[in-house]
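Everything in the sequence shown is counted per full-length UniProt numbering, starting at 1 for the first residue and increasing by one. Idealized CB from N, CA, C, for every residue including glycine. The model shown is predicted, which means the values in this text are computed figures rather than measured ones.
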Amino acid sequence: MDLFNTSVRSIIPIPLCNAFPARTHSVGLWNKSDAWQLNFTLPLVNFTLPLQNYTMPVFEMEMFTIFWVTQLSHFFLKMIGLPMFVAELLAGVFLGYGVAVKFIQKYAITVFRLNNQDIIGTISLFAYTMFIFLSGVKMDLSIVFRTGSKAFHTGSLAMVAPLLLGAGAQLLLSRYFQLNKQENLQLMFVLTTHSLTSFPVIACLLEDLKIFNSELGRLGLSSSIISDILGVVLTTLATLAKVWDKSLGLAILDLFLVVAFVLVVIYVARPAMMWMVSQTPEGRPVKKVYISIIILAVLGSAMLSDWYHMTLVFGPMILGLAVPDGPPLGSALVKKFDPMVSGVFMPIFVTIAMIKANPEDLNLNTKVAKANALLVLVTVLAKFVFSFIPPMLSRMPFKDALAIAFIMSYKGVVEMASYGIARDSKVIDLEVYCFVMATIFVTAIVVPFAVRYLYDPMRKYAGYQKRNIMQSAANDAELRIVTCINRPDNTAAMINLLDVSCPTKEGPIAVYVLHLIELLGRATPVFISHQLQKKTLSNYSYSENVILSFSHFQRENHGSAYVNVFTAISPTDYMHEDICTLALDKLASLIVVPFHKKWSLDGLTIESEDLTLRSINCSVMERAPCSVAILVDRGQSESVESMASRQASYRVAMIFLGGSDDREALTFAKRMVKDSCITLTLVHFVSTAADQDREIKQWEKVLDHEVLKEIIQNHNQDDQDGANVGHHGSVGYVREMVKDGTETATSLRSMADDYELFIVGRRYKQKSNLTSGLEEWSELPELGVVGDLLASTDFTTKASVLIVQQQKTS
């Protein structure tokens with residue numbers, strides 16, 4: 001099957017003269033023998049550019065042209081929210097015949113010559129084959145058994161309903177226009193292709209729209225997998241039926257070969273790849289020979305597919321589904337080949353496919369063109385309506401249901417490839433090919449705009465009630481905390497913080513642990529709930545150590561702490577959505593995330609820095625539906641249990657400068673004194689500057705005084721009674737009078753070794769004499785000025801730091 005190896009303007013055979021053996025490399029830049037003369041006519045000047053008539057220079061020029069036009073188009077289109085796919089389509093329109101300006105048209109005719117299409121056509125075919133294989137690797141078939149009724153009904157109806165209604169419309173159109181067998185075959189092919197919803201296409205769309213990990217995105221992915229599986233079955237049966245028309249015996253033989261191939265993949269290839277995984281030590285890369293064997297198998301499966309009359313990508317897709325998803329094998333294949341396939345070769349594929357859609361071939365006055373236009377209209381409307389109905393019946397918001405209908409109606413590279421194969425096989429005419437490519441182009445522009453207008457992932461936070469630590473304490477409710485685990489060493493630090501928070505039966509805590517794992521080698525995000533009350537662990541072993549650690553914590557605090565562990569496997573760009581959604585669903589008052597830097601064993605130098613985690617933390621602080629805290633763990637401080645065993649107190653310092661974040665932090669710190677093994681010292685910094693009253697709002701000062709009043713009164717009473725404020729379970733109060741940020745920093749450094757934990761409010765963008773001069777040295781805005789100082793390598797201490805931000809109200 002010669003995909004894209006035919007003429008750009010016509011599929012009529014044309015005699016060509018080619019040099020054999022093929023001349024690959026040029027004889028040099030300055031050798032003008034046998035060179036093409038590219039004549040460019042500009043408004044003010046004409047010039048000629050010689051181009052060596054050899055395979056490699058021509059192919060390089062074609063690639064350069066495609067990427068230059070594509071990137072230039074994307075530079076402007078991304079400003080209005082259109083994805084890269086539209087830029088690739090637009091590049092094909094610019095470089096195609098009959099559309100581009102005269103200068104580009106002459107250039108395109110010269111460079112994209114007919115006798116050069118075999119090279120770039122082969123590259124395009126290989127790119128699409130690898131794209132489908134990698135899409136199969138990323139696809140998680142287990143979602144079929146785990147998907148809800150809403151996704152199942154949406155995916156199945158989005159494919160079956162337009163197919164049935166379109167079939168009825170096709171019969172009516174055939175009779176009305178009196179179409180012959182070949183023309184009816186075109187209608188049937190267009191109907192089948194437009195009825196399908198491809199998982200790779202929907203996954204790319206959702207990623208471009210940055211809603212991959214949202215509720216709508218998960219529904220779209222699940223529905224597209226259901227629709228795609230039904231589409232593969234339908235396409236296979238349709239191909240066998242076509243062979244049956246020619247020979248019943250050949251159809252039976254093809255069916256036998258298809259079944260045999262699938263069985264070989266399931267019972268031979270899949271176990272072989274599982275063996276490769278078992279031979280790879282944990283944390284080590286897969287051997288290159290394993291990767292090479294799989295790629296050879298992909299190419300071989302493509303040849304076999306063509307041999308038994310299936311589409312060329314049938315074998316690679318089935319083989320891709322058999323690859324164990326995720327690390328180490330699936331992720332290795334995706335990491336190694338996806339950047340090259342998606343970033344380099346697929347833009348060539350899309351652009352060349354669009355170049356072949358010549359507007360001169362589009363004639364809507366013919367009966368075939370009219371019939372196809374009406375059929376496409378019926379099919380698209382049916383798909384849209386029946387993709388809209390199941391979500392609405394499931395009580396999804398009206399705008400969200402409309403958005404999912406637009407998503408399911410989207411068309412992309414898979415449909416382009418199907419029409420390209422049909423064009424080269426003379427299943428559809430050039431005018432039909434041009435028309436369906438135009439519909440894909442329109443869909444690629446309309447759907448992103450429509451989905452962005454209808455669906456806003458931030459809408460779920462709108463009108464969300466006030467949920468923070470102070471609110472929870474005022475209502476005497478249990479404190480609900482979402483703790484995030486990014487690395488194995490985060491577990492001990494988080495559990496120690498929960499111990500310090502002093503869960504009791506009178507003041508219980510509910511802990512929702514979210515283990516964050518980067519999505520590798522698959523396209524479908526996974527969110528797993530591990531109920532600790534169950535005797536058996538989940539089938540997934542990703543979070544086994546985390547589950548066991550927090551299960552022990554729950555047993556140690558029976559009746560005062562409830563723990564549930566979740567695992568979120570998703571792209572790092574969308575992990576903050578998982579965190580915020582869990583906090584929203586569980587009505588959490590506090591989210592605790594780990595600091596992005598990891599200290600060395602001595603606790604004095606930075607061992608590693610995870611900028612991705614920092615980006616996640618910043619996104620959480622910006623969007624969280626509750627208060628947020630960043631835990632900076634230097635890995636040196638003792639746990640509460642360890643210090644209690646040797647009858648030593650766990651010393652906590654609350655650094656109070658004023659403001660909502662400091663009040664929130666102090667409320668959390670007050671919980672800790674319920675434990676007799678914990679000593680809390682409130683260090684209250686007060687400015688001696690005369691203009692301090694003008695810098696802080698009077699209402700903020702009133703609120704600060706209300707929070708501090710009880711502690712200050714108790715401290716004064718202790719002073720009168722001669723009480724020792726340092727005894728276990730007490731709250732000490734220290735008032736520090738400072739002039740500026742320099743004195744604040746000096747005072748903090750003097751107490752660096754006196755405590756195991758510092759708690760401080762973020763106080764983002766709050767100007768004060770207390771921190772004047774320190775803002776210029778602050779490197780991490782998410783920690784605030786004081787938090788950044790306490791967490792810096794210049795601040796020599798073994799203590800951990802907790803930076804708290806109260807829930808944003810704006």
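| Check | Outcome |
| --- | --- |
| Residue 651 by DSSP, collapsed to three states: which one? | strand |
| Let me know the secondary structure DSSP gives residue 207 once reduced to three states. | helix |
| Between which residues of its own chain and residue 277 is the CB-CB distance below 7 Å, once the five residues before and five after are set aside? | 324, 328, 329 |
| Buried or exposed for residue 493, going by 16 or more other Cβ atoms inside 10 Å? | buried |
| By alpha-carbon positions, which one of 389, 505, 624 ends up nearest to residue 587? | 624 |
| Who are the near neighbours of residue 502 in its chain, counting only those whose CB is closer than 6 Å to its CB and skipping five residues on each side? | 671, 672, 674, 675 |
| Mind checking who residue 566 pairs with in its DSSP beta bridge? | 514, 529 |
| Check residue 751 in the structure and name its three-state DSSP category. | coil |
| Skipping 5 residues on each side, what residues in its chain have a beta carbon closer than 6 Å to that of residue 684? | 656, 735 |
| Please classify residue 305 as buried or exposed, where buried requires at least 16 other C-beta atoms within 10 Å of its C-beta. | buried |
| According to the neighbour-count rule (16 or more other Cβ atoms, all chains shown, within 10 Å of its Cβ), is residue 453 buried or exposed? | exposed |
| Let me check one thing: in DSSP terms, what residues is residue 687 bridge-paired to? | 738 |
| By the 10 Å Cβ neighbour count, where 16 or more other Cβ atoms means buried, how is residue 816 classified, buried or exposed? | Since the first residue of the chain shown is 1 and the last is 810, residue 816 is not available in this structure. |
| Do three or more CB pairs link the segment 466-475 to the segment 216-231 at distances below 8 Å? | no |
| Report all residues from its chain with a CB closer than 8 Å to the CB of residue 318; omit the five preceding and five following residues, and keep chain order. | 136, 261, 262, 265, 301 |
| Just to confirm before moving on: does the CB-CB distance between residue 680 and residue 669 stay below 7 Å? | yes |
| How many whole angstroms separate the CB atoms of residue 556 and residue 510, which I take to be in contact at a CB cut-off of 8 Å? | Incorrect: roughly 16 Å between the Cβ atoms, too far for contact. |
| Just to confirm, is the Cβ distance from residue 201 to residue 412 under 7 Å? | yes |
| What does a CB cutoff of less than 8 Å around residue 481 pick up in its chain, not counting 5 residues either side in sequence? | 498, 501, 509, 510, 511, 512, 588, 589, 590, 591, 592 |
| Looking at the structure shown, is residue 427 part of a helix, part of a strand, or coil, going by DSSP? | coil |
| Does the Cβ of residue 865 have 16 or more other Cβ atoms within 10 Å, making it buried, or fewer, making it exposed? | In the structure as shown, the chain begins at 1 and stops at 810. Residue 865 is therefore absent and cannot be evaluated. |
| Assign residue 762 to one of two classes, buried (16 or more other C-beta atoms within 10 Å of its C-beta) or exposed (fewer than that). | buried |
| Which residue's Cα is closest to the Cα of residue 61: 117, 711, 667? | 117 |
| Which residues does DSSP pair with residue 484 in a beta bridge? | 514 |
| Would you mind working out which of 89, 87, 524 sits nearest residue 207, comparing C-alpha positions? | 524 |
| Around the C-beta of residue 267, are 16 or more other C-beta atoms found within 10 angstroms, so that it is buried, or is it exposed? | exposed |
| Just the C-alpha distance for residue 781 and residue 677, rounded to the nearest angstrom, thanks. | 33 Å |
| Three-state secondary structure (DSSP) at residue 286? | coil |
| Quick one: grab the DSSP three-state call for residue 723. | Summary for residue 723: the model assigns pLDDT 46, below 50, so the residue's position carries little reliability, and this model does not support an answer. |
| What residue range does the alpha helix (DSSP H) around residue 182 cover? | 181-195 |
| In chain order, what residues of the same chain have a beta carbon less than 7 Å from the beta carbon of residue 89, not counting five sequence neighbours either side? | 350, 354, 441, 444 |
| For residue 654 and residue 600, what's the separation of their Cα atoms in angstroms? | 26 Å |
| Which value, in whole angstroms, describes the spacing of the CA atoms of residue 63 and residue 205? | 24 Å |
| Is residue 608 helix, strand or coil when you go by DSSP? | strand |
| Quick one: what's residue 805 bridged to in DSSP? | 628 |
| Looking at residue 576 and residue 619, is the spacing between their C-beta atoms short of 7 Å? | yes |
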